[in-house]
Amino acid sequence: MKDSMKVRIELDPSCRTPEVVIRTDQKTPLVDKLVSAIERIAKSDTPRIAVFDGSAALLLDQRDIFRVYTAPRKLMVCSGKGTFEARCSLQEIERALDEESFVRISRFEIINMEKVAGFDVSVSGTIKVAFDDGSSTWVARRYVRMIEQRLEHLYAKGGRADE
């Protein structure tokens, strides 16, 4: 058969995110279709988030979001593409976000753990969160224990403690 292929799944406890490798002797239309299909499926796992830049509406991929927080009378979404306004409540956006990646750190803020560069626990009783883009925020005291538990869970699953 011209377009036949073998599919194999390898389970690796140290692999935190799925990795797809296509092994072939040449790039063919079938290989291109496989890559497109995999990318489409990976992006469709979580709904995109509607945000506004003035009067222009945009759809952000959740993987691009660093944090979501409330400002006076506004809900702001920070991403690698900029900071935008969302026209919904923090609770509504929290329900749409991937619960594996996003965690609430205060009554007013949710962060994407995938975008965290590190945590500074040197100040007693609180945690400073540093993001990949150089920005930072603080975990509210009442959420510190929950973040510590989340970090312990990541570490137990084979992740690094600073993730």
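Residues 39 to 201 in the working numbering are what the sequence shown lists, from first letter to last.
Glycine residues also receive a C-beta, built at the ideal position from the N, C-alpha and C atoms.
Note that the structure is predicted; figures quoted are calculated from it, not measured.
| Asked | Found |
| --- | --- |
| Where DSSP assigns a beta bridge to Arg142, which residues make up the other side? | Ile148 |
| Could you pull the start and end residues of the alpha helix (DSSP H) that Arg11 belongs to? | Within the shown structure, residues of the chain are numbered from 39 to 201, placing residue 11 beyond reach of any answer. |
| Pop quiz: Arg180 and Val141 are said to be a contact at Cβ under 8 Å. What is the actual Cβ separation, rounded to whole angstroms? | Not quite, the Cβ-Cβ distance comes to about 14 Å (not below 8 Å), so this is no contact. |
| Shorter than 8 Å from the beta carbon of Leu49 to some beta carbon of chain E? | No chain E appears in the structure shown, which is made up of a single protein chain. |
| Around the C-beta of Thr175, are 16 or more other C-beta atoms found within 10 angstroms, so that it is buried, or is it exposed? | buried |
| On the three-state DSSP scale, how would you describe Arg111? | coil |
| According to DSSP, Arg105 sits in a beta bridge with which residue or residues? | Cys116 and Ile149 |
| Does the distance from the C-beta atom of Leu97 to that of Ser117 stay below 8 Å? | no |
| Check Ser74 in the structure and name its three-state DSSP category. | helix |
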